[in-house]
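Right, one structure below, let's go through it.
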Amino acid sequence: MSAVVTRFAPSPTGLLHSGNYRTAVFAYLFARSSGGKFVLRIEDTDRERSKPEYEENIIESLQWLHLEYDERYRQSEHGTRHREVLEKLISSGFAYLSKEEAGDTKRNEVIRFKNPNIRVSFEDAIRGTVSMDTTDLGDFVIAKSIDEPLFHLAVVVDDWDEGITHVIRGEDHISNTPRQILIQQAIGAQTPVYAHLPLVLSQDRSKLSKRRGAKSLLEYRDSGYLPEALLNYMALIGWNPGTEQEIFSKDELCHAFSLAQIQKSGAIFDETKLAWINREHMLRMSPEAFWEHAEEFLTEETVTMLDAKNLWRDAVGLMRERASTFGDIRTADLAGEYRYLYERPVLPVSFLGWKGEDPSHALPHLRQVLELLEPLGDVWGAETVKAAVWPYAETEGRGQVLWPMRVALSGREKSPDPFVIAGIIGKDETLARLRAVLGSDDAVSCSERLG
RNA sequence: GGCCCUAUCGUCUAAUGGUUAGGACAGCGCUCUUUCAAGGCGUAAAUCCGGGUUCGAUUCCCGGUAGGGUCACCA
Numbered sequence: 004m005s006a007v008v009t010r011f012a013p014s015p016t017g018l019l020h021s022g023n024y025r026t027a028v029f030a031y032l033f034a035r036s037s038g039g040k041f042v043l044r045i046e047d048t049d050r051e052r053s054k055p056e057y058e059e060n061i062i063e064s065l066q067w068l069h070l071e072y073d074e075r076y077r078q079s080e081h082g083t084r085h086r087e088v089l090e091k092l093i094s095s096g097f098a099y100l101s102k103e104e105a106g107d108t109k110r111n112e113v114i115r116f117k118n119p120n121i122r123v124s125f126e127d128a129i130r131g132t133v134s135m136d137t138t139d140l141g142d143f144v145i146a147k148s149i150d151e152p153l154f155h156l157a158v159v160v161d162d163w164d165e166g167i168t169h170v171i172r173g174e175d176h177i178s179n180t181p182r183q184i185l186i187q188q189a190i191g192a193q194t195p196v197y198a199h200l201p202l203v204l205s206q207d208r209s210k211l212s213k214r215r216g217a218k219s220l221l222e223y224r225d226s227g228y229l230p231e232a233l234l235n236y237m238a239l240i241g242w243n244p245g246t247e248q249e250i251f252s253k254d255e256l257c258h259a260f261s262l263a264q265i266q267k268s269g270a271i272f273d274e275t276k277l278a279w280i281n282r283e284h285m286l287r288m289s290p291e292a293f294w295e296h297a298e299e300f301l302t303e304e305t306v307t308m309l310d311a312k313n314l315w316r317d318a319v320g321l322m323r324e325r326a327s328t329f330g331d332i333r334t335a336d337l338a339g340e341y342r343y344l345y346e347r348p349v350l351p352v353s354f355l356g357w358k359g360e361d362p363s364h365a366l367p368h369l370r371q372v373l374e375l376l377e378p379l380g381d382v383w384g385a386e387t388v389k390a391a392v393w394p395y396a397e398t399e400g401r402g403q404v405l406w407p408m409r410v411a412l413s414g415r416e417k418s419p420d421p422f423v424i425a426g427i428i429g430k431d432e433t434l435a436r437l438r439a440v441l442g443s444d445d446a447v448s449c450s451e452r453l454g
């Protein structure tokens, strides 16, 4: 059995989206799982619709997703070979020049394949035997001219020349397969193994497409998804490992993947589950890797300040707790979510009131908290702060004590708990923030300043 | 419409003749709790329909139905 060679053959006529990408993922995973090769072939025979920027987008997307290919071809570069095959097909009577009625955009002469009008069957690795009568296909066109081969001819010749053993592509190609097998037989090429993947569907269960709102892959990159999470999710849509494992690294997928576990029916692309998988991957990142990635999504000020105060590691802990994507972190940062880590908050005094109570009730509690914390030595940390304050909070009412304490430290209605914040910003800053609020002049002026 | 493919909770799926039809996401509830999250626990939710085959069908066969794909001088 010769070594496996799979290919991903997109046409550069649009941005790469999840539908296309899933085909690439399965072809890639199958190649890797069987120690074979993965080939990228840009199918750019349609000179009108093919655009260089789309080709760049395909390559950039695959790079971002770490789907590295062993070989890369551009179909338009095989013109000589296609011409040679066409000539042979014509001279041997399998194809012929056909005079047509010239329409507006049509040629008056094209090359048609002489259809033997037989029933063609093939064994699909996913669906079993598929059988079709090719009679109603007629003598289909395989080239616009001797130098302008069309899809079916180019695909067959290139797959043959590149030694493709497994054609893994979308279900929408099933009806193209008999035609291509006919050409293979005419030119003496071996028929590869076909595996027609179930389609990725949009919410209305139609084929995922740009028109139906499929995002380009790079949009996922820009909104803070991890390439490995996207790979993980795409692999799980239409395939399952046969176990209950759901979170996979790329290596694990390469080992676990097999054609036998592929689903036959189409599957809806569910962003919610993608987000969950992305979160799981974020949770598994090292603090260093997480911070490095987060830096791309944070404001320069946040990055600089957290780095300068050496608080990035603590910040990572907080960020992780509340985000499914790095885009969530960017949103939070833009809303000032991480400011209190490196900057004394400015807050209206009314914030101190627990559940709408008069803020003045909070001041005695804050004074007491301050007194409880002042004696703490160099064992300062979230746990010791909590231990020092907790009994008092229990006695006086947690909300009465902890709400104003938290707000005094964060200046925000929503934030992590006061112990965690105190632990991160340190003793001096914690005491300073409490004193700042207790200095009634300050509090009043803060209040006025913010209206 | 012709041809082709498909059919298990809302969604992704497990179970290839014998299970209380399992898991995950989402939902809901409870819990934790100073806030917002996260977490923990729990709950509801499915075999498209009709015939066969069989002691027994989610599973095999046939027929419907439904959905999808495809019918280019695009790929």
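Residue numbers (the numbering used here): 4 to 454. Cβ coordinates follow ideal geometry from the N, Cα and C atoms, glycine included.
Burial state of Ile-121 (16 or more Cβ within 10 Å): exposed
Nearest to Gln-188 by alpha carbon, out of Ala-335, Pro-244, Leu-314 and Phe-125? Phe-125
Ignoring anything shorter than 4 residues or poking outside the stretch 249 to 309, list the alpha helix (DSSP H) runs there in chain order. 253 to 259, 274 to 287 and 290 to 298
With DSSP as the reference, label Phe-97 as helix, strand or coil. coil
Please say whether His-20 and Leu-211 have beta carbons closer to each other than 8 Å? yes
Please classify Thr-433 as buried or exposed, where buried requires at least 16 neighbouring CB atoms within 10 angstroms. buried
If you pair each beta-carbon of the stretch 211 to 221 with each one of the stretch 280 to 292, do three or more pairs fall below 8 Å? no
Only counting the same chain, and skipping five residues up and downstream in sequence, which positions put a Cβ closer than 8 Å to that of Asp-331? Gly-227 and Arg-325
Could you tell me the distance, in whole angstroms, from the CA atom of Lys-213 to the CA atom of Tyr-223? 14 Å
Going along the chain, which unbroken runs of the beta strand (DSSP E) with 3 or more residues stay wholly within the stretch 116 to 195? 122 to 127, 131 to 136, 144 to 148 and 169 to 173
Contact under 8 Å by Cβ, Arg-436 with Pro-421: no
Mapping DSSP to helix, strand and coil, what is Val-7? coil
Can you give me the start and stop residues for the beta strand (DSSP E) that Phe-354 sits inside? Segment: none, Phe-354 is in no beta strand (DSSP E) and carries neither H nor E.
Exposure of Tyr-24, with buried meaning 16 or more beta-carbon neighbours within 10 Å: buried
Considering only residues of the same chain and omitting the five flanking positions on each side of Ser-327, which have a CB-CB separation below 8 Å? Ala-278, Trp-279, Asn-281, Arg-282 and Met-285
Mapping the DSSP letters down to three states, classify Glu-71 as helix, strand or coil. coil
So which of Arg-333, Leu-344, Arg-323 and Ala-338 has the shortest CA-CA distance to Asp-2? What is shown of the chain runs 4 to 454, which leaves residue 2 out entirely.
Nearest to Arg-239 by CA position, among Leu-229, Asp-225 and Phe-260, is which residue? Note on identity: in this sequence residue 239 is Leu, with Arg being the wrong assignment. Here the closest residue by C-alpha is Phe-260.
For Arg-370, count the other beta carbons within 10 Å of its own beta carbon; 16 or more makes it buried, fewer makes it exposed. Which is it? exposed
Apply the 10 Å Cβ neighbour rule to Glu-231 and answer buried if 16 or more other Cβ atoms are within range, or exposed otherwise. buried
From the DSSP output, which residues share a beta bridge with Ala-198? Ile-171
Would you kindly work out how many angstroms separate the C-alpha atoms of Pro-394 and Pro-348, rounded to a whole number? 27 Å
Starting from Val-42 and walking both ways along the beta strand (DSSP E), at which residues does that stretch end? 40 to 45
Is Val-203 helix, strand or coil by DSSP? strand
What does a CB cutoff of less than 7 Å around Ala-292 pick up in its chain, not counting 5 residues either side in sequence? none
Do you know how far the Cα of Glu-304 is from the Cα of Pro-290? 20 Å
Apart from the five residues on each side of it in sequence, which residues of its chain come closer than 7 Å, Cβ to Cβ, to Gly-17? Tyr-57 and Lys-213
Among Gln-264, Ser-252, Leu-366 and Tyr-236, which residue has its Cα nearest to the Cα of Pro-244? Gln-264
When the distance is taken between beta carbons, is Arg-86 closer than 8 Å to Ile-186? no
For Tyr-76 and His-176, the rounded distance between their alpha carbons: 21 Å
DSSP state of Lys-417 mapped onto helix, strand, coil: coil
Of all the options Lys-358, Gly-400, Arg-323 and Pro-195, which has the alpha carbon lying nearest to the alpha carbon of Thr-9? Pro-195
Taking the runs of the alpha helix (DSSP H) that are 4 residues or longer, which of them lie wholly in the stretch 366 to 419? 385 to 399 and 401 to 413
Rounded separation between Ala-439 and Val-372 - CA only: 13 Å
Same chain, Cβ closer than 8 Å to Asp-491, five either side skipped, listed in chain order: Since the first and last residues shown for the chain are 4 and 454, residue 491 lies out of range.
Among the candidates Ser-209, Thr-168 and Gly-191, whose CA atom is the shortest distance from the CA of Ala-198? Thr-168
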